[in-house]
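Enquirer: Okay, here's the structure, questions in a sec.
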Amino acid sequence: MPGLSTLDMSVRTHPEAMTTIPRATFLRPRSPTCSDPSTLAHRASRMVKRPSRPGSGSSHHVGATSDARRLTSKVSYYSTMRIHVKRVQYALEEEKRTSFYKELAVYLVFLFIMLVTVCELRVQVPFEHNDGLDQVYFSQQFPNQMSPKTIHDVNNVDDIWDWFQGVLVPGYYNTTQRNSFRVSSVQVRFSRVQGRPCRTVTALVALFPAQTCYPAFEHGSQDTAPYGDDGFGHPFAYETGLRPLRRSLQYTPNLWNFRMDYGTGGYTVYLPRDDAAVGVAMVDAMAETVVLPSTRYIAATWVLYNPSTDVVSQLHALFEISATDRVQMSYRVSSFELRDIHSIDALALDTQSLLMVFLAVVTLGFSYREVQSIGDGGVRSYSKSVWNYFEVIQIGCLYGLVVAWFLYVVECHHIVPTLQRMVQDTSCTAPTSGRDCFVELTSLADLVDTIHNVGATLALVSAAIVFKYLRLNTRLNMLWETLRLAAKDLVAFVFIFMFVFFGYAIMGFLLFGTHSPDYRSLSDSLTACFQMLLGDFNYASLSAANPAMSGLFFFSFMILVFLIVVNMFVAILSEYYTLAQAAKRETDAKKKMLLHATTDDDQVVEYDVFKQVVSFVRDLRWRVKFSRTEPVPVVGNSCVLVVDYAYLMAERARLRTNFRMAILVVRTCIRWFPRPFDRPSDGNPRLASVGIHPGLPPKARPTRHLNYTKFPVTYVPLHSKSAVAATMIDQLEPGMVLDLDDGSLTCDRICLEVLGPQELYLTHDANDTDDMDPNERRPPSRAHFGLHHVHPTLGSGNHIKCCRVRYQGEIILAGHESCVVSRRVWVKYLVARLWRVVASVFKSSWWRLRCTSSSPLVAKRKRLISDDDLAMLLRAHMTKDESLSCRFDELVRQFRLFLAKKARQGAVRIPSHDLETCVLHEAIAFVERFPKALLPLDKRELVGYKYVPSPTDTATIRLPNSIARLSEFLAQNAHEVWSESRIAQGWKWGPHRDNDKKLHPDLLAYNQLTDHAKQFDRESSIETLKVIQALGYVIHPKGSSSQHPTAAAAGTAVPCNDAGTTTQVWDVEFGMPAPPGDTYTPKPIATADVHLSGELQSLVELLAENSHDLWAKKRMEEGWVYGPKRNDATKEHDGLVPYVYLTAEEKDMDRNSAVQTVKCILRCGFTFQHKRTNAKFRMFGAPQKASNPDLSTTVPNISGGKDTAVQGPVPSTKALVLMPPTHTHPAAHDPSLHVPNQLCIRIAP
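Dropping the structure here:
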């Protein structure tokens, strides 16, 4: 049997040598012919022998040696494992999902605080406040009108002054609101444009060239000359340095509707705050002189204050007059609270400011996280995730909100003293004093609008980011998965839709823009088309605007856009939603099969928040759990010990180990220090004293007070999946009662009365009265009774409680009973758990890990390969094959390549520049992190990577010339046999090999093969003949035969020379070449009637094994290695394993070739004789009586006629001539027996 080599699982550890390593892949193993034969285990073992650094202590060296030994043992164990890549990917998703849910809990807290902060800002006033002001000033009907009219119905100049005189002045000076007070005067602002001759304004046609024209408002064309009268003899003066007055978004003087302003100057008139008569007189005067053909706008601004709500309101009304005398009205009510924070103490007492400081700190934390993510993965990797864009937008909104808030606070700090001085110290009664009582809060109003807009955007984006933490949940992520699948089709759809939609928007603007306000601009036309898409349209207005084209526009839009395009959009989403649902079901099934195949639960809890909470609450139950399936009998009124199941199992394992160690020590002492007798001074042996030795410790003396009927001790172990049983048991107090419910229909429960600590088990008597105080019971007489060992992770046994069974008779605990306790115990448990969590946070010594231990296996190491790196490696090597996996050495190689690359780039820092140790630690941490992904290597696969073929050495074997002539014939027949077996398996000819389609380029006739393929068959045949000779067999013609062939059976005997020598001609016809593109039909030598003896069958098995080793050696010399599946591109083959690990079909292929070779030799008239000098092969076949046995079997006809050997040259490749040996055939002396002297095999062309 060929020897097995050691698996080579190592590569060079120097980073500079990494460029010579082949392409990184999880599937490509190292070639066994690599010059470095060391394994991972050997490499790790060398770390044990590595000397410590100079100056290091002995304890450090001992710890490092121990760690290296543990590392070696782990590497040796995991080297026999295979890692299922898909399971790792699913496990990573589960870990990431769990981590996301934890982050989601924190993020929801932040989201709640942020939304409360944004919604409860004092800048956000109630709707009722603004609506009340709107009802007084902007929804009030004009007095003395024939029909109801409000400010919304203003369409000429007279209506403007009707509003001033009938609504503004009465409402301002004689308001009906009892809680609103005037703060500022009313500023009336208007502007004019300079007039120009009409011939310069209208360049094409000037019907009235001598007239003066007034164009639309433009910057630089304002008229600043004083004009008019304010009613008190003062003209209207132009004032500069005012706040920019923005135009209304509803006013569209140009084709495109965009935001513009009227500049920072204009004519101003201030209505005095404290004198209504003066204000009325000034309004009447302005109604007569303000509006001229050059006037382009009139604006009114004033400020009110409501002390009951502490809200300041600025009201603004704007009347825009176009060059076409059209009046466009707009108004705005801006209400907000003023924040007067004048010191740090006031800032600390202000809740909203503190919340904003909190948001500022959170914003800095988010910014640091994003910057760190960009630094770790790079800008390109960061930009691939859409959620990163959402987070950038969120951070930008947070910065905008915080900055706008503090600017608002600063602005309020500056404006509050001005308002106080203007209200408390200034009187405005004169016509010219109104300027002193006016203050404009437009900057504050803009900041308030910015806070509202940014806060609204922040709320929307922050709510959308919640789905980032839920995207790994297949049910909640269905929307995003559908959009992801339909992204390409949706892009094409949107491209088509936008062209069609914009075409109709332009069409509506051109058809109806001059008559319908809904289509007067492109923006309005787009809005109107979208409303019509949703079913909101007025066909009568369209028909009135353009009767000729309205029908074409409306019906074509409805058919093309509403019925076809929109339904196409719905069809796209429906199709991809169905695909997403199918993919979800398939993914869930695969996850359940891969991750939960070993669990007992049939239902796998989906990562749903509600189900997680329900599962957690359900798993909080206590249950009795036994390590064995046998029930435990319990007697009523007896004592039991309630203990944590995990602690009991740990104690049992510890005591079992100590007991085994004690037994080992005793056996060692008995072996090396035998003292069966004490020898006194007289020399006569006597038995040793059985009395108590006075030197024994007190604990070893027998105790007389123990009640041995209490033993063995009965433990009732409690277990819970979610709760900590030890903490729960620790909350039990003497006198409490535990009910054990077995879930039966009779509701029969076992009551356990808590007596106290476990030491009371020895002192409790069954005759104790129930009303005895547990604190008055006898103290324990044996303080060391029970379990008290302290385990690092489980604690000590102080939680164990002694309980008395309050039950009449005897009952059996089956191990599935649930424990019912009072609510008080649960409350105490939750408080204790919360306290321990808080205490662990404050007592955590994470800062000591860097200095307490330098052991890589004791201290928590910093991971050099992050989860994102692992996900990237998995995505780079994942295929559609769900069973893709890699060996541990391949994992180590991947990590080595990755860390070496990162180290060269400076992305990671290798501790102590020991790359190999870091790689092994990372690989071990990886496999220990995903234990469910570990699969034991198949025995065939395990030895396949270690396999080094060792065929029989035939270098010194020389074949006789007569035997060597058979090689070409055997090679051709072997090709026919191989072709026949391949075709029987369903293979066909193809120009290139394809294992999936079963195509092979060598399924041709022998003479059509390439020289390389022919040479392979020849070498295999020659090697087979040499192996037969190396095994001690001799091939020669039969020395005598009682039969001679007939012409019909064996051919025709013809004279060959004058000496009377005859030749037996045997015509052999192999498969004929097939037409191009077809598979030929092989015709091997018919050997069905040739039967092999037992010894020859053993020879066939040896030849088959050697043939496989020879094939494997040639393959490996060509660069092929073992692989789980054949891959011609990477030169991997699953058949490169020892012969014994081949499947039955694979063995049959090798065995069939060997059988046909042996039978073909026998068919040619040769026999096999074995030299019995080598006792090694006497095991094969039955012992023969003759010294030189003939191992051939009865071969009809031609086998009996071949008693000659081969001499002389071979005539041609198409004929093989076998000539007689030097001895005389018996038929030579008998002329009646005419036997051919030579055999000629003619192969048909």
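Each residue of the sequence shown is one higher than the one before, starting from 21 at the first, in our numbering. Quick reminder that beta carbons are idealized off the backbone N, C-alpha and C, glycines included. Since this is a predicted model, take the numbers as computed values, not measurements.
1) If you pair each beta-carbon of the segment 112 to 126 with each one of the segment 952 to 960, do three or more pairs fall below 8 Å?
2) So for G926, helix, strand or coil by DSSP?
3) For the alpha helix (DSSP H) containing V660, name the first residue and the last one.
4) In whole angstroms, what separates the C-alpha of R491 from that of Y667?
5) State whether the segment 379 to 398 contacts the segment 195 to 215, with contact taken as three or more CB pairs (one from each stretch) at a distance under 8 Å.
6) Hey, how far is the Cα of Q551 from the Cα of N587?
7) Could you give the DSSP three-state label for M669: helix, strand or coil?
8) DSSP three-state call for E1121: helix, strand or coil?
9) Helix, strand or coil: which one does DSSP assign to G776?
10) Using 8 Å for Cβ pairs, my map puts E773 next to R824. What's the rounded Cβ distance?
11) Using DSSP with H/G/I as helix, E/B as strand and the rest coil, what is A879?
12) Taking V341 as the reference, give the member of V323, D544, R359, A319 with the closest Cα.
13) Report yes or no: do the segment 806 to 819 and the segment 736 to 743 share at least 3 C-beta pairs separated by less than 8 Å?
14) Report buried or exposed for L760, applying the criterion of at least 16 other Cβ atoms within 10 angstroms of its Cβ.
15) On a CA-only basis, which of V310, L265, G253 is nearest V177? Give me that one, please.
16) According to the neighbour-count rule (16 or more other Cβ atoms, all chains shown, within 10 Å of its Cβ), is Y409 buried or exposed?
17) Please list the segments of the alpha helix (DSSP H) lying wholly inside the segment 520 to 566, counting only runs of 4 or more residues, in order along the chain.
18) Could you pull the start and end residues of the alpha helix (DSSP H) that Y419 belongs to?
19) Ignore the nearest five residues each way along the sequence and tell me which others in C1180's own chain have a CB closer than 7 Å to its CB.
20) Are the CB atoms of M442 and R459 within a distance shorter than 8 Å?
21) Roughly how many angstroms separate the alpha carbons of N1015 and L1122, rounded to a whole number?
22) Assuming D250 and P451 make a contact with CB atoms under 8 Å, what is their CB distance in whole Å?
23) Taking 8 Å as the threshold (C-beta atoms), are P255 and G248 in contact?
24) Mapping DSSP to helix, strand and coil, what is K1046?
25) By how many angstroms is the C-alpha of S536 removed from the C-alpha of Y388?
26) What does the alpha-carbon distance come out to for the pair V654 and L599?
27) Quick one: what's got a C-beta closer than 6 Å to G711's C-beta in the same chain, skipping five residues either side?
28) Per DSSP, F1090 is paired with what?
29) Shortest alpha-carbon distance to L1045 belongs to which of L542, R1013, S987?
30) With distances taken between CB atoms, is the gap from G656 to G835 smaller than 8 Å?
31) Name the two residues that bound the continuous beta strand (DSSP E) containing D750.
32) Take every Cβ of the segment 1112 to 1126, pair it with every Cβ of the segment 1134 to 1149, and state whether three or more of those distances are shorter than 8 Å.
33) Nearest by alpha-carbon distance to Y1: which of K1191, K966, Y1053 is it?
34) For F158 and F147, I'd like the C-alpha separation in whole angstroms.
35) Report the three-state DSSP secondary structure of E113 (helix, strand or coil).
36) For the segment 467 to 485 against the segment 321 to 336, are there 3 or more C-beta pairs whose distance is under 8 Å?
Expert: Put simply:
1) Touching, no.
2) Translated into the one-based positions of the sequence shown, residue 926 becomes position 906. Here G926 sits in coil by DSSP.
3) Stepping through the sequence shown from its first residue, residue 660 is reached at position 640. Not the alpha helix (DSSP H): V660 falls in the beta strand (DSSP E), residues 659 to 664.
4) Numbered from 1 along the sequence shown, position 471 holds the residue referred to as residue 491. Numbered from 1 along the sequence shown, position 647 holds the residue referred to as residue 667. Near 39 Å, if we compare the C-alpha coordinates of Y667 and R491.
5) No contact exists between the segment 379 to 398 and the segment 195 to 215.
6) Start at 1 with the first residue of the sequence shown, and residue 551 comes out as number 531. Start at 1 with the first residue of the sequence shown, and residue 587 comes out as number 567. Here the alpha carbons of N587 and Q551 stand approximately 17 Å from one another.
7) Along the sequence shown, one-based indexing puts residue 669 at 649. In the structure shown, M669 sits in a helix (DSSP, three-state: H, G or I).
8) In the sequence shown, residue 1121 corresponds to position 1101, counting from 1. E1121 falls in the helix class under three-state DSSP.
9) Start at 1 with the first residue of the sequence shown, and residue 776 comes out as number 756. Reduced to three states, the DSSP call for G776 is strand.
10) Indexing the sequence shown from 1 puts residue 773 at position 753. Indexing the sequence shown from 1 puts residue 824 at position 804. Going by Cβ atoms, the distance from E773 to R824 rounds to 5 Å, so yes, they are a contact pair.
11) On the sequence shown, position 859 is the one that residue 879 refers to. Bear in mind that the predicted position of A879 carries a pLDDT of just 40, short of 50, making it unreliable; the figure below should be weighed with that in mind. In this structure, DSSP gives A879 a state outside helix and strand, which the three-state scheme calls coil.
12) By 1-based counting over the sequence shown, the position of residue 341 is 321. A quick correction: the sequence has Ile, not Val, at residue 341. It is A319 whose Cα lies nearest to the Cα of I341.
13) Here the segment 806 to 819 does not lie against the segment 736 to 743, with fewer than 3 beta-carbon pairs under 8 Å apart.
14) Here residue 760 corresponds to residue number 740 of the sequence shown, with the count starting at 1. Looking at its Cβ environment, which holds 16 or more other Cβ atoms inside 10 Å, L760 is buried.
15) Residue numbering aside, residue 177 sits at position 157 when the sequence shown is read from its first letter. Per the C-alpha coordinates, the member of V310, L265, G253 positioned closest to V177 is V310.
16) The count along the sequence shown starts at 1 and reaches residue 409 at position 389. When all chains shown are included, Y409 counts as exposed.
17) You should have 542 to 553, 559 to 565.
18) Counting from one through the sequence shown, the residue named residue 419 turns up at place 399. Run containing Y419: 406 to 445, per the alpha helix (DSSP H) assignment.
19) The count along the sequence shown starts at 1 and reaches residue 1180 at position 1160. Within the same chain, and ignoring the five residues on either side of C1180 in sequence, the residues whose Cβ sits closer than 7 Å to its Cβ are L990, N993, I1105, T1107.
20) As a working note, residue 459 is residue 439 in the sequence shown. As a working note, residue 442 is residue 422 in the sequence shown. For clarity, residue 459 is Val in the given sequence; the question names Arg instead. Going by beta carbons, V459 and M442 fall inside the 8 Å limit.
21) Counting from one through the sequence shown, the residue named residue 1015 turns up at place 995. Counting from one through the sequence shown, the residue named residue 1122 turns up at place 1102. One C-alpha to the other measures close to 29 Å.
22) To locate residue 250, count along the sequence shown from 1; it is residue 230. To locate residue 451, count along the sequence shown from 1; it is residue 431. The pair is a contact, with the Cβ atoms about 7 Å apart (cut-off 8 Å).
23) Here the question's residue 248 lines up with position 228 in the sequence shown. Here the question's residue 255 lines up with position 235 in the sequence shown. Cβ atoms of G248 and P255: closer than 8 Å.
24) In the sequence shown, the residue the question calls residue 1046 occupies position 1026. In the structure shown, K1046 sits in a helix (DSSP, three-state: H, G or I).
25) Residue mapping note: residue 388 aligns to position 368 of the sequence shown, counting from 1. Residue mapping note: residue 536 aligns to position 516 of the sequence shown, counting from 1. Note on geometry: alpha-carbon atoms of Y388 and S536 lie some 53 Å from one another.
26) Stepping through the sequence shown from its first residue, residue 654 is reached at position 634. Stepping through the sequence shown from its first residue, residue 599 is reached at position 579. In this structure, the straight-line span from the alpha carbon of V654 to that of L599 is close to 59 Å.
27) As a working mapping, residue 711 is identified with position 691 in the sequence shown. The predicted model places G711 with a pLDDT of 40, which falls under 50 and marks its position as unreliable, so this point remains unresolved.
28) Position 1070 of the sequence shown, counted from the start, is the residue given in the question as residue 1090. For F1090, which the question treats as bridged, DSSP gives no partner whatsoever.
29) To locate residue 1045, count along the sequence shown from 1; it is residue 1025. Closest by alpha carbon: S987.
30) As a first step, residue 656 is located in the sequence shown; it is residue number 636 there, counting from the start. As a first step, residue 835 is located in the sequence shown; it is residue number 815 there, counting from the start. No, these two residues do not count as a Cβ contact at 8 Å.
31) In the sequence shown, residue 750 corresponds to position 730, counting from 1. First-last for D750: 745 to 750, but that is the alpha helix (DSSP H), not the beta strand (DSSP E).
32) Flag = no, the segment 1112 to 1126 and the segment 1134 to 1149 do not touch.
33) Beyond the ends of the chain as shown, which are 21 and 1265, falls residue 1; an answer cannot be given.
34) Along the sequence shown, one-based indexing puts residue 158 at 138. Along the sequence shown, one-based indexing puts residue 147 at 127. Cα-Cα distance, rounded: 15 Å.
35) The sequence position of residue 113 within the sequence shown is 93, counting from 1. Under the three-state reduction of DSSP, E113 is assigned to helix.
36) Counting C-beta pairs closer than 8 Å gives fewer than three between the segment 467 to 485 and the segment 321 to 336, which falls short of the contact rule.
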